[in-house]
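Input: a single structure, listed below in structure tokens.
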Amino acid sequence: MEITSEQIGAVTVARLSGDLDTGTAAIAGEALMALLDDGAQTLLVNLEAVGFVSSAGLRVLLTAAKRLSSKLRVCGLNETVQEVFDISGFTSIFDVYDSEQLGLDG
Amino acid sequence: MITLGELNLDNADAIAAARRKVSSVATQLLGDAVAASRLGAVTSAVGKELHRRSAGAVLVLRVNTSGYSGDLAMEFRGDQAEASTLRLSAFFDKVDAREGCATAFLSFEGALDNDAIAGLQNLVQKKTRDELMQEVREQNFALEESLETLKRTRSARDRLESELNIGREIQMSMLPLTFPAFPEHQSFDIFATLHPAQQVGGDFYDMFLIDDSKLCFCVGDVSGKGVPAALFMAVTKTLIKSFAAHECSPARILEQVNGEQAVGNDSCMFVTILLAVLDINTGEMTYSNAGHNPPLLRRSGGEIERLDARHGPIIGAIEDLDYGEDRLVLRPGDLLYFYTDGINEAMNIDRELYGEHRLLETLESLQDDVVAETALKATLDPVWAFQGDAPQADDVTVLCIRYCGAADSTLSLQLNNREEEIGRAVSEVRRFLDSYGVALDVQRKVVTCLDEMIANIISYAYEDDKSHQIDLDLSLSAQALMILIKDDGVAFDPFSDAPPDTSASLENRAIGGLGRHLVMNLMDEFSYQRNNSLNIVRLRKQLQS
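Chains as they are written, first to last, in my numbering: chain A, 89 to 194; chain B, -18 to 526.
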């Protein structure tokens, strides 16, 4: 799992690459927490390069979302990840965007 | 020397059975019924003598054959068996004796091929009706208890009622009730059910593997009710299983069952049987119908075939009958439906019959990828709805098998209960699925579920810190991917709890239970079974929409 981040205007973008699962959840969690510790107010998690997200990965996103004052933004969900979000009801608690640009625009 | 079998001489019934068996073997070898009957008699005499002295006496039968002649060797073992030497030497060519053992030899003319030897082995090893009956009684603890209750029951009406109940208990205790019945096998999916009627009914079903590739299954309907019908059913079912161990032809099995059941059948009971043997790797099926209503075959796509062939009369009525059989090939997606007349003869309050046409309609309207259990329930629900408040007149029994096709390819992984192993499993599975061109979306769903299931086992299944093995087996056919996960952790059914609340607000949202909820939604089928101290989870993902 590789994670890069970029501040674009008021939005902190975290780009994840790899699978967000039991094995990688801890690394991803630490990276997202570090961004929040650094003062990120609006967080956009780009999952374009993520193959699948298991419940361990969902937990990481949920933990980050609970620390934010605004809704967590996610973008770039593939078909499977979209389905996982739908099944677990995460589509309704996050703001889901098709692309990073749409996520930035809010 | 080739061993034909070992016979115990532990009680009068066993000795009588040994006498008959020796006599039949000798008839075949010597072609002389009188000499054979003498050998039977001496077997019985020696057997009784040994039995009188001590328990545990046995007789081992062997043959030695070279070219056009051979020897039959009968080895009597028991306390002071050597004392029988003199008695035996009057009937045999030679007797070897040592302490606790007397072996009598008799030569015969003629060659024995492998089939003949197998036939003799079958003769010696097959269980007699009495032995089977004894087994049924021993197995059936409830039976003894219930019979005691019956003896104590005074009034005639109570007596009839109790007898019907006992019959019902015997009947139900004989049925395999664990489903999925063969979680290890992914080329077929079988489900059966029996709904007993209040009064009449002697239905049964059975399913078992004859060997690695042959599945035997049957449905039957015994005439009559109460204890006699239940025992007749119990013996019939046991006979089928016993004969199927040596014989894969349904017609030959039915001939043998009929042979046993028709002899001395004073109560004139009979049974209709539909019996099939399926090669689970090729889909080839042989079946024989003895007086039963015709089975239905729903081909993938929805076309229904009624298998009208009749292969012989009811079982148990007339001795020495020949039965026929037919062959067909099940294709992946085909659904075979065996049932008893309790369905078509179900009646509503206006005494109208449910009829086969209604059953055909529901079968036709099923979806193609429906599993056996769902198919079975979908065909029975309308029967109950039709029947309404009318009493159920007869047992309703259905056995449904869906053929899924042999796996084209398999992957077996042994994982350790360490978190790093999940990543290894995920990449191995991805590589496997990719090499067979499985769609990326399906691959992702599969690995999501594997991550959930294996992580769950590693985190919660073990109470010690030791190393444990988790077995992961995948088998892929054109239709579906089957996944089997086995672990030796504490018993836990991951699919038993209620689903988590997926509509709670962000603050109240928890992750607990979400993993299994994902699995239950991403997979097309899932089941859990505890077997031999193993948790066995079976997942299925359909590959064609």
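Cβ atoms here follow ideal geometry from the backbone N, Cα and C, with glycine treated the same way.
Assigned with DSSP and collapsed to three states, valine 23 of chain B falls in helix. Under the DSSP definition of a beta bridge, glutamate 286 of chain B partners with B:Leu278. Distance between proline 363 of chain B and leucine 288 of chain B, taken at the CA atoms: about 23 Å. Residues of the segment 139 to 157 of chain A with a C-beta atom less than 8 Å from some C-beta of chain B are Gly139, Phe140, Val141, Ser142, Ser143, Ala144, Leu146, Arg147, Leu150, Ala153, Lys154, listed in chain order.
Residue B:Glu337 holds the alpha-carbon nearest to the alpha-carbon of isoleucine 285 of chain B among B:Val244, B:Asp322, B:Glu337.
In the structure shown, valine 44 of chain B falls within a strand segment according to DSSP collapsed to helix, strand and coil.
Within the same chain, Leu394, Leu396, Leu431, Ile435, Leu453 come within 8 Å of alanine 406 of chain B by CB-CB distance, once the 5 residues on both sides are set aside. Using a Cβ distance threshold of 8 Å, glycine 148 of chain B and valine 208 of chain B count as a contacting pair.
Around the C-beta of arginine 312 of chain B, fewer than 16 other C-beta atoms lie within 10 Å, and the residue is accordingly described as exposed. Sequence-ordered contacts of the segment 387 to 406 of chain B with chain A read Glu400, Glu401, Ile403, Gly404 [C-beta pairs closer than 8 Å]. With a threshold of 8 Å between beta carbons, serine 105 of chain A makes no contact with chain B.
Nearest CB-CB separation between arginine 521 of chain B and chain A: not below the 8 Å threshold. Looking at the DSSP output, cysteine 82 of chain B sits in a beta bridge with B:Arg58, B:Arg79. The C-beta of isoleucine 181 of chain A comes closer than 8 Å to at least one C-beta of chain B. For phenylalanine 172 of chain B, there is no enclosing alpha helix (DSSP H); the enclosing beta strand (DSSP E) has its first and last residue at 169 to 176. Taking 7 Å as the cut-off between beta carbons, the residues of the segment 413 to 443 of chain B near chain A are Asp422, Arg425, Lys426, Val428, Thr429, Asp432, Glu433, Ala436, in sequence order.
In this structure, DSSP gives glycine 293 of chain B an extended state, which the three-state scheme calls strand. Counting along the chain, serine 514 of chain B sits inside no beta strand (DSSP E), nor does DSSP assign it H or E at all. By the neighbour-count criterion, in which a residue is buried when 16 or more other Cβ atoms sit within 10 angstroms of its Cβ, tyrosine 304 of chain B is buried. Judged by beta-carbon spacing, isoleucine 296 of chain B lies within the 8 Å limit of alanine 271 of chain B, meaning their Cβ atoms are closer than that value.
For threonine 168 of chain A, there is no enclosing beta strand (DSSP E); the residue is found in the alpha helix (DSSP H) stretching over 167 to 176. If you draw a straight line from the Cα of glycine 81 of chain B to the Cα of arginine 1 of chain B, it comes to about 24 Å.
For a Cβ distance threshold of 7 Å, nothing in chain A lies close to glycine 470 of chain B: the least Cβ distance comes to about 17 Å.
Relative to the Cα of alanine 459 of chain B, the nearest Cα in the group B:Asn45, B:Gln525, B:Glu265 belongs to B:Gln525. Annotation for aspartate 193 of chain B: no beta strand (DSSP E) segment contains it, and DSSP assigns it neither H nor E. Neighbours of glycine 177 of chain A in chain B, taken as residues whose beta carbon is under 7 Å from its own, are Thr483, Ser484 in chain order. Taking the C-beta atoms as reference points, valine 379 of chain B is found nearer than 8 Å to tyrosine 320 of chain B. In the structure shown, the three-state DSSP call for serine 35 of chain B is coil. Methionine 463 of chain B: member of the beta strand (DSSP E) spanning 461 to 468, first to last residue. In the structure shown, the three-state DSSP call for glutamate 433 of chain B is helix. Burial state of isoleucine 254 of chain B is buried, judged by a 10 Å Cβ sphere holding 16 or more other Cβ atoms. Using a Cβ-Cβ cut-off of 8 Å, valine 172 of chain A is close to Thr429, Leu499, Leu503 of chain B, given in chain order. Secondary structure of valine 471 of chain B (DSSP, three-state): coil. Phenylalanine 140 of chain A: member of the beta strand (DSSP E) spanning 130 to 141, first to last residue. In summary, arginine 147 of chain A is buried, with 16 or more beta-carbon neighbours lying within 10 Å of its beta-carbon over all protein chains present. DSSP places isoleucine 115 of chain A in the uninterrupted alpha helix (DSSP H) bounded by 113 to 125.
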